[in-house]
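Residue numbers (the numbering used here), protein chains in the order written: chain A, 11 to 108; chain B, 894 to 1023.
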């Protein structure tokens, strides 16, 4: 079979473009989304700590404490699960034989 | 996740409203024998929370009941007037006890909604963890 060098050049160029990292179309890639989620989680944990400190000093009402701690617990659970998944995906990719 | 959070916020506002109601019941019961005390009642308002888009409840104005106070014939009482009648408050303890029971039931209903939303969210996250 005859392969024309110019055709080969074109095909190589097309294949190269496919492996280049794609720019996120709407301006929010995965890294940005992760960063936003982490900053929200930090705000939640901070408010939970403040509520717990108020309760131990005798100031805060019990319901706010329970709400804040529940939100903290859920945010932490979400972050843990997402982190496990990301690390697992990374390890999976590193295991691929080159 | 947003709907679950809205459910939890609505349930939390319901719990707050019912605890406020119970507080008024407590005040009424404690002052049942206070002369001149009028029964306090509250009506709840629907409040739309713009941030989460959830419909929450908030306690409205506290109103004083205008019913006639209980009058007892007790000439020996220090507060009795010239006919021997003592004017107390207009609180009926049975109604207050029923109100307290109702507040407790509503509180428990809201609490179970809160717990249910939390469990549903945990169940959803468990799909991701192994």
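Where a beta carbon is used, it is the ideal one built from N, C-alpha and C, also for glycine.
N-terminal and C-terminal residue of the beta strand (DSSP E) that residue i is part of
| i | result |
| --- | --- |
| residue 927 (chain B) | First-last for residue 927 (chain B): undefined, no H or E at that position. |
| residue 951 (chain B) | 947 to 957 |
Rounded straight-line distance, which links the Cα of residue j to that of residue i
| i | j | result |
| --- | --- | --- |
| residue 51 (chain A) | residue 42 (chain A) | 14 Å |
| residue 904 (chain B) | residue 941 (chain B) | 13 Å |
| residue 64 (chain A) | residue 73 (chain A) | 12 Å |
| residue 47 (chain A) | residue 917 (chain B) | 41 Å |
| residue 911 (chain B) | residue 1006 (chain B) | 14 Å |
| residue 91 (chain A) | residue 1022 (chain B) | 6 Å |
| residue 987 (chain B) | residue 922 (chain B) | 10 Å |
| residue 82 (chain A) | residue 55 (chain A) | 5 Å |
| residue 1026 (chain B) | residue 962 (chain B) | Since the first and last residues shown for chain B are 894 and 1023, residue 1026 (chain B) lies out of range. |
| residue 969 (chain B) | residue 934 (chain B) | 32 Å |
| residue 17 (chain A) | residue 23 (chain A) | 10 Å |
| residue 908 (chain B) | residue 44 (chain A) | 34 Å |
Sequence-distant residues of the same chain with beta carbon closer than 7 Å to residue i, five excluded per side
| i | result |
| --- | --- |
| residue 897 (chain B) | 1010, 1013, 1014 |
| residue 57 (chain A) | 78 |
| residue 958 (chain B) | 931, 932, 934, 983 |
| residue 953 (chain B) | 935, 936, 937, 938 |
| residue 993 (chain B) | 915, 918 |
| residue 920 (chain B) | 933 |
Residues bridged to residue i (per DSSP)
| i | result |
| --- | --- |
| residue 14 (chain A) | Answer is none; residue 14 (chain A) lacks a bridge partner. |
| residue 965 (chain B) | B:979 |
| residue 941 (chain B) | B:948 |
| residue 935 (chain B) | B:955 |
Residues near residue i by beta carbon distance below 6 Å, same chain, minus five either side
| i | result |
| --- | --- |
| residue 61 (chain A) | 70, 74, 75, 78 |
| residue 1104 (chain B) | Only positions 894 to 1023 of chain B appear in the structure, and residue 1104 (chain B) is not among them; the question remains open. |
| residue 84 (chain A) | none |
| residue 950 (chain B) | 906, 907, 910, 937 |
Own chain residues within Cβ distance below 8 Å of residue i, not counting five before or after
| i | result |
| --- | --- |
| residue 926 (chain B) | 981, 982 |
| residue 967 (chain B) | 973, 977, 978, 979 |
| residue 86 (chain A) | 51, 55 |
Extent of the continuous alpha helix (DSSP H) to which residue i belongs
| i | result |
| --- | --- |
| residue 996 (chain B) | 986 to 1019 |
| residue 91 (chain A) | 72 to 104 |
Check: residue i C-beta below 6 Å from any heavy atom of the ligand HEM
| i | result |
| --- | --- |
| residue 970 (chain B) | Judged by which ligands are present, the structure shown has none, so any question about the ligand HEM falls away. |
Residues of the stretch 91 to 108 of chain A whose Cβ lies closer than 8 Å to any Cβ of chain B, in chain order: 91, 92, 94, 95
Residues, ordered as in the chain, of the stretch 61 to 85 of chain A that lie near chain B by beta-carbon distance below 8 Å: 73, 77, 80, 84
Contact residues within the stretch 906 to 934 of chain B, judged by C-beta distance below 9 Å to chain A: 908, 909, 912
Residues within the stretch 959 to 978 of chain B neighbouring chain A, beta-carbon criterion of under 7 Å: none
Cβ-based contacts, 9 Å cut-off: residues of the stretch 989 to 1015 of chain B near chain A: 1007, 1011, 1014, 1015
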